[in-house]
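For the sequence shown, the tail end lands on 1344 under the working numbering, and the numbers increase by one without skipping.
Think of the CB as a built atom: it goes at the ideal place given N, C-alpha and C, for glycine as much as any other residue.
Being a predicted model, the structure only gives us computed values, none of them experimental.
Below is one structure, written out as structure tokens, with a few remarks after it.
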Amino acid sequence: MRRLGHHRLHGKAGGGVGTKGMVAKLSIGVIVLLICTLSLLFSFNIGGNPEPSRPSKINVEELWESADSGGWRPSSAPRSDWPPPTKETNGYLRVRCNGGLNQQRSAICNAVLAARIMNATLVLPELDANSFWHDASGFQGIYDVEHFIETLKYDVKIVGKIPDVHKNGKTKKIKAFQIRPPRDAPIDWYLTTALKAMKEHSAIYLTPFSHRLAEEIDNPEYQRLRCRVNYHALRFKPHIMKLSESIVDKLRSQGHFMSIHLRFEMDMLAFAGCFDIFNPEEQKILRKYRKENFAEKRLIYNERRAIGKCPLTPEEVGLILRAMRFDNSTRIYLAAGELFGGERFMSPFRTLFPRLDNHSSVDPSEELSANSQGLIGSAVDYMVCLLSDIFMPTYDGPSNFANNLLGHRLYYGFRTTIRPDRKALAPVFIAREKGKTAGFEEAVRRVMLKTNFGGPHKRVSPESFYTNSWPECFCQMNPKKASDKCPPDNVVEILESRLESVGDSDSTSQTNSTVAGLER
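Put into structure tokens, the structure is as follows:
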């Protein structure tokens, strides 16, 4: 495990003793105060939630290894009393997860937590794939359903569909009462409005369900449940995992490789309002897309770019990597849709780094070629980026793909990430475009040295919990605080015994019946 420029605080205190009286007392008093101040600062540095220091220089060889963990390791198992789901719940919860694959992924995590909060039985989440991907794969076409249910059996009850009610020889279907939840709804909304409707109608249907539960919740166990869903329960189907691992093996057969989420696509450029670098016809296309899909807003390119709101161009990405001293033998996997502007923008990047691949070039299989821009293609890109030695998002603002991957790689063992600070880099690139090239690479390195390369760090708004689940979903074997202590090694046995105590030990039967219900 590498250590990126780990610094220690060195405090030196010294002073001479004066000749007599007040001068001597004053000198000693100043020295004592200085020592106490330094000691207090030092104790804060190592006694709270320590984060590894930033590096003093960029060492490419070290970047190919995982970041400094600071003594932390991922852990999302419960650390306090966590009773299993009750035999009888308050009703059924249906949700429709809209957006792309990773926006849906966050929504699934929220759906499980909402079911836990309301003591509800979760109906397998619906993926609104058609509106975004024009892909009807659905949850069971992308994720391993049996694994999902089995992994979460200590947390919530999950069924494939709402069962019919049989009473007095008659069969009655339960119709879920539809509700549109408020954005970032607090827990109280689920315990009042949603729960009341569930008890009245036996089932509720929350749609749409993107960003419908507050991210920042002052309950570490609830946050850890989100991590259990995101990093343990949500596993892609075996054929997707096999395909992803095959691509990674081929890429790694020739050494290290880096993955880049090159977010230089029409939807993101239109959203950002960054039009001026394109020709008139391209600008017309972007303005039309923006008008049809986003709220009207006056956006001035120079102002947007100056504050880091424009996605990096492929050439800018290449210049950053070259300034960091990656050479042109670096193998790069590109996770991206159709790049807007085409080869005109890719050519400068390809000149700097010619060893570029994507999932189609590494594995031109029929399955991927038929679904390269759908859910399966996105799932494969996700897994390859997760397993790559280095991951670099070029626009991690509203990008759910990049944000989820940053969080997953952090949890996966503090795997190295390169996160360009677009706002700090903007004046450097603007100066270069005006002909001021002297000192350009050194200026880029100074900016990049101030960024985090994948180690534990404090979550500060607007950073998402799904981007950084530290410290809730991490623990220490030798903690300074009791709340950071790792759970016991037999935590699964404890959860299993509690599950059996409520008369629900036949989890395998429940899982099998749910899967069978989906196949009918």
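Spatial neighbours of residue i in its chain, beta-carbon cut-off 8 Å, leaving aside the 5 residues before and after
{"i": "SER1070", "result": "ASP1187"}
{"i": "MET1090", "result": "ILE1109, LEU1110, TYR1113, GLU1162 and PHE1164"}
{"i": "ILE1121", "result": "The sequence given here has Lys at residue 1121, not Ile. Cβ within range, chain order: GLY1097."}
{"i": "GLU950", "result": "ARG918, VAL919, ARG920, CYS921, GLY962 and PHE963"}
{"i": "MET1272", "result": "ILE882, ILE1144, ALA1147, MET1148, ILE1242, PRO1244 and ASP1245"}
{"i": "ARG1007", "result": "HIS1035 and ARG1036"}
{"i": "THR995", "result": "ASP988 and VAL989"}
{"i": "SER904", "result": "GLU1045"}
{"i": "SER1153", "result": "ARG1179"}
{"i": "LYS1023", "result": "ASN914 and GLY915"}
{"i": "GLY923", "result": "ALA931, ASP952, PHE956, SER1034 and ASN1224"}
{"i": "GLN1300", "result": "GLY895, TRP896, ARG897, ASP1308, LYS1309 and CYS1310"}
Contact set for residue i: own chain, Cβ-Cβ below 7 Å, skip 5 residues either direction
{"i": "VAL947", "result": "TYR916, LEU917, ARG918, VAL983, LYS985 and ILE986"}
{"i": "PHE1298", "result": "TRP896, ARG897, PRO898, SER899 and PRO1280"}
{"i": "THR910", "result": "ASN943 and VAL1326"}
{"i": "MET1170", "result": "PRO1138 and LEU1163"}
{"i": "ARG940", "result": "ASP979, VAL980 and LEU1049"}
{"i": "LEU1123", "result": "GLY1097"}
{"i": "PHE1253", "result": "GLU1140"}
{"i": "ARG1322", "result": "PRO907 and PRO908"}
{"i": "ILE1352", "result": "The structure shown does not extend to residue 1352, since the chain spans only 825 to 1344, so no value can be given for it."}
{"i": "GLU1324", "result": "none"}
{"i": "TYR1235", "result": "PRO898, CYS1051, TYR1055, SER1293 and CYS1297"}
{"i": "LEU1093", "result": "LEU1110, PRO1135 and PHE1164"}
{"i": "LYS991", "result": "none"}
{"i": "SER1068", "result": "VAL1204, MET1207 and VAL1208"}
{"i": "TYR1014", "result": "ALA938, ILE941 and MET942"}
Proximal residues to residue i (C-beta, below 6 Å), its chain only, five neighbours per side dropped
{"i": "THR1275", "result": "ARG1243 and ASP1245"}
{"i": "ARG832", "result": "Residue placement at ARG832 is flagged as unreliable, the pLDDT there being 31, under the threshold of 50; a coordinate-derived value is accordingly withheld."}
{"i": "LYS1309", "result": "PRO1303"}
{"i": "ASN934", "result": "LEU1037"}
{"i": "ARG1283", "result": "ASN1292"}
{"i": "ASP1181", "result": "TYR1157"}
{"i": "LEU1319", "result": "TYR978"}
{"i": "PHE972", "result": "ALA1057"}
{"i": "PRO1010", "result": "ALA1038"}
{"i": "ARG1052", "result": "SER900"}
Beta-carbon proximity of residue i to residue j, cut-off 8 Å
{"i": "THR1016", "j": "PHE1088", "result": "no"}
{"i": "ASP968", "j": "CYS921", "result": "no"}
{"i": "GLY1142", "j": "PRO1172", "result": "yes"}
{"i": "ARG1149", "j": "VAL884", "result": "yes"}
{"i": "ALA1226", "j": "PHE1060", "result": "no"}
{"i": "GLY1198", "j": "HIS1183", "result": "no"}
{"i": "PHE1081", "j": "ARG1168", "result": "no"}
{"i": "SER890", "j": "PHE1177", "result": "no"}
{"i": "PHE1289", "j": "GLU1040", "result": "yes"}
{"i": "GLN927", "j": "ASN1224", "result": "yes"}
{"i": "LEU887", "j": "THR1240", "result": "yes"}
From the options, residue whose alpha carbon lies closest to that of residue i
{"i": "GLU1045", "options": "GLY924, SER900, ARG1155 and PHE1095", "result": "SER900"}
{"i": "LYS1020", "options": "SER1293, ASN914 and TYR1235", "result": "ASN914"}
{"i": "ASP1073", "options": "ALA1203, SER1171 and ASP1213", "result": "ASP1213"}
{"i": "THR1218", "options": "PRO1135, ARG1036, ILE1011 and ASN1302", "result": "PRO1135"}
{"i": "GLY1278", "options": "ALA1000, ILE882, SER893 and ASN883", "result": "SER893"}
{"i": "LEU1086", "options": "GLN1107, ILE998 and TYR1206", "result": "TYR1206"}
{"i": "TYR1125", "options": "ARG1233, ILE1028 and ASP1100", "result": "ASP1100"}
{"i": "PHE1164", "options": "CYS1098, ILE1144, SER1223 and ILE1200", "result": "CYS1098"}
{"i": "ASP1151", "options": "ALA1094, ARG1174 and GLU1040", "result": "ARG1174"}
{"i": "THR1031", "options": "ALA938, VAL1053, PRO1005 and GLY965", "result": "PRO1005"}
{"i": "GLU970", "options": "PHE1289, HIS1056 and PHE1264", "result": "HIS1056"}
{"i": "LYS1133", "options": "ILE941, LEU1230, THR1241 and ALA1250", "result": "ALA1250"}
{"i": "ALA1000", "options": "GLU1317, TRP1013, LYS981 and SER1026", "result": "SER1026"}
{"i": "PRO1062", "options": "MET1301, ILE966, PHE1033 and ASP1008", "result": "ILE966"}
{"i": "ALA1248", "options": "ARG1233, LEU1234, ILE1144 and ILE1064", "result": "ILE1144"}
{"i": "ARG929", "options": "GLY1231, LEU887 and ASN1117", "result": "GLY1231"}
{"i": "ALA1119", "options": "GLN1107, PHE1095 and PHE1102", "result": "PHE1095"}
{"i": "MET1065", "options": "MET1301, LEU1210, ALA1262 and SER1307", "result": "LEU1210"}
{"i": "LEU925", "options": "ALA1018, LYS991, LEU1229 and GLY1079", "result": "LEU1229"}
{"i": "SER1307", "options": "PRO902, LEU1075 and ALA891", "result": "PRO902"}
{"i": "ILE1084", "options": "SER1285, ALA891, MET1301 and VAL1208", "result": "VAL1208"}
{"i": "GLU777", "options": "LEU1075, LEU1067, SER1068 and GLY1166", "result": "Outside the displayed range of the chain (825 to 1344) lies residue 777, so it cannot be described from this structure."}
{"i": "VAL1316", "options": "LEU976, ASP1012 and GLU1257", "result": "LEU976"}
Interface flag, residue i vs chain C, CB-CB below 8 Å
{"i": "PRO1188", "result": "Of the protein chains in the structure, only one exists, and it is not chain C."}
Proximity test, residue i beta-carbon vs the ligand ADP heavy atom, cut-off 7 Å
{"i": "ALA935", "result": "This structure lacks the ligand ADP; in fact it carries no ligand of any kind."}
- Inter-stretch contact (C-beta, 8 Å, three-pair minimum) for the stretch 1116-1133 and the stretch 1041-1055: no
- Query: Which ranges does the beta strand (DSSP E) cover as unbroken runs of at least 3 residues, wholly within the stretch 944-1017, from first to last along the chain?
  - Reply: 945-947, 981-983, 989-991, 994-996 and 1001-1003
- Query: Can you list the beta strand (DSSP E) stretches of 3 or more residues lying completely in the stretch 1100-1160, in chain order?
  - Reply: 1156-1159
- Item | Unbroken stretches of the beta strand (DSSP E), 3 residues or longer, contained in the stretch 1157-1236 | 1214-1217
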